[in-house]
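To start, the structure itself, in structure tokens.
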Amino acid sequence: MQYPLLEINLGNIGKNAVTLGEKCAQWGLSWVAVTKGFCAVPPIVKLLFQKGIRQFADSNLLNLIGIRQLLGEEVELFLIRLPMFSELELLFQYRVIPFVSAVESLEKLNSLAREKNSNQRVVLAVDGGDAREGFMPEELLQTAIAFSNWGSLIIDGISTTVACLNGVLPDRDLVERMVQLRHELQLILKQDQLKLSVGGTTFLALWEREPYPEGVDEVRLGEAFLFGHDISRKKSIPWLEQETFSLWSEVVEVRPKKVKPSAIRGFDAFGRQVDATKESDQPRKQALVAVGLQDIDDSQLWPEDERIRITGATSNYLVLDVEESVSSYQVGQLIKFNVGYGSVLRAFLSPYVRKKYLDL
Ligand SMILES: *Cc1c(COP(=O)(O)O)cnc(C)c1O
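Remember, the working numbering sits 2 above the position in the sequence shown when you count from 1.
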């Protein structure tokens, strides 16, 4: 076996997908699997398809094109990052439905579809108060008045996303405002069917206790099925599985170490400030493992041996204080970590991290 190695527990990810399907059905919701956290790799995408998922969303068009090629026409694909002009042609070609918040993009998509004697479905992104992407509600209604000029566009519905940028948490008031906005849009567009889509995982908490919010049609989820976790509230979701990903890395040096006291100190390799105040004045047993910031995010990684402390990371190494551990770590030994969203994403992006899929 080669290391570093990301172990992917397909059994638990599959269970989470099934559980979410059942829960969302009880709540009258459909759910869309967000695949950006794992680069939409085929083993996980196929697993989700086997578990009944037919709607996928990603922020990278290349990932969605991959899913289209893998699964064919049975699935609906959403681009949840606002599209670039340079993507519109491919969007159309692969029948991807973009979330849009710019009139310029709507105009271009409309012309493109009209040239091809076809239609283009879109979802209109609305700012839910997190000051991230989306039309402001009043502005959306103004824009909607112009939709009659854009006859080749089909409006699927509206969407809002919170929590990722400024930590704004969703509440019933947000849902009610979105339901009202959808209603006004329906009147302007003279269109009964307009879905309300919300995301991501942070929204699930609204269905934790009754009365459930009404009017939401779909919820877009990544973290929930990947980790059984809600990072916006720093809590696990008790009815989902958390054991889904682990990282194994190999120890390449073990020595008592401390920084030379008279050393002149600058910044680290990433230009970050170095905090020397927490350094011990006695040498402490330190292990280096051969995995670095090119492969993982050191703030989203937790050693399984709870007595190990991560003290730093370079692009090549993760530096561990193993002084307190009861195991006497040796060169060549493996150290296992639990991994969060940021580290899993980076591990999938890194060709240096081997992937091992544990079967169902
Ligand atoms: C990433 C993302 C999601 C999914 O968020 P999770 O917290 O992973 O569930 C949903 N919608 C949009 C627009 C996103 O960018």
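The beta carbon of each residue, even a glycine, is placed where N, CA and C say it ideally should be.
All of these numbers come straight from a predicted model, not from anything done at the bench.
Chain-order list of residues whose beta-carbon lies under 7 Å from that of residue i (same chain, five-residue window excluded)
i	result
N340	S248, W304 and E306
L68	Contrary to the premise, residue 68 reads as Gly rather than Leu in this sequence. A42, listed in sequence order.
S327	D307, R309 and I310
I147	I190
Residue interval of the beta strand (DSSP E) (run including residue i)
i	result
Y359	R356 to L360
A19	First-last for A19: L12 to Q28, but that is the alpha helix (DSSP H), not the beta strand (DSSP E).
I337	L336 to V341
D129	Q122 to D129
Q288	R286 to V291
Closest by C-alpha distance to residue i, when choosing among the options
i	options	result
E325	L108, D219 and S282	S282
G334	V256, A271, G268 and P263	V256
W29	A207, I82 and L126	A207
Q364	F350, V77 and T163	This structure does not reach residue 364, given that the chain is present from 3 up to 362, and the question cannot be answered.
T162	E186, Q188, G202 and K48	G202
D300	R286, K287 and A315	A315
A271	K280, N112, Y96 and Y319	Y319
D173	E216, G344, P240 and G273	E216
V321	P258, A265 and S264	P258
For residue i: DSSP bridge partner residues
i	result
F80	A59 and I99
S1	The shown model of the chain, from 3 to 362, leaves out residue 1, and the question about it has no answer.
G314	V321
W304	N340
H231	S238
D270	Its beta-bridge partners do not exist; DSSP assigns none.
W33	V221
L347	The partner list for L347 (beta bridge, DSSP) is empty, contrary to what the question assumes.
Contacts around residue i, its chain only, beta-carbon distance under 6 Å, and the 5 residues preceding and following it disregarded
i	result
R356	Q4 and L7
Y359	I10, L12 and P45
S103	L84, A127, E135, G136 and F137
R123	I99, I156 and D158
Y331	V253, V256, A289 and V324
Opening and closing residue of the alpha helix (DSSP H) in which residue i lies
i	result
E243	No alpha helix (DSSP H) contains E243, which DSSP labels as neither H nor E.
F247	No alpha helix (DSSP H) contains F247, which is instead part of the beta strand (DSSP E) from F247 to K259.
N112	V105 to E117
I147	P139 to I147
K48	P44 to Q52
M180	R174 to L191
Same chain only: Cβ atoms within 8 Å of residue i, ignoring 5 sequence neighbours per side
i	result
Q52	G16
Cβ contact (3+ pairs, closer than 8 Å) linking the segment 167-178 and the segment 124-135: yes
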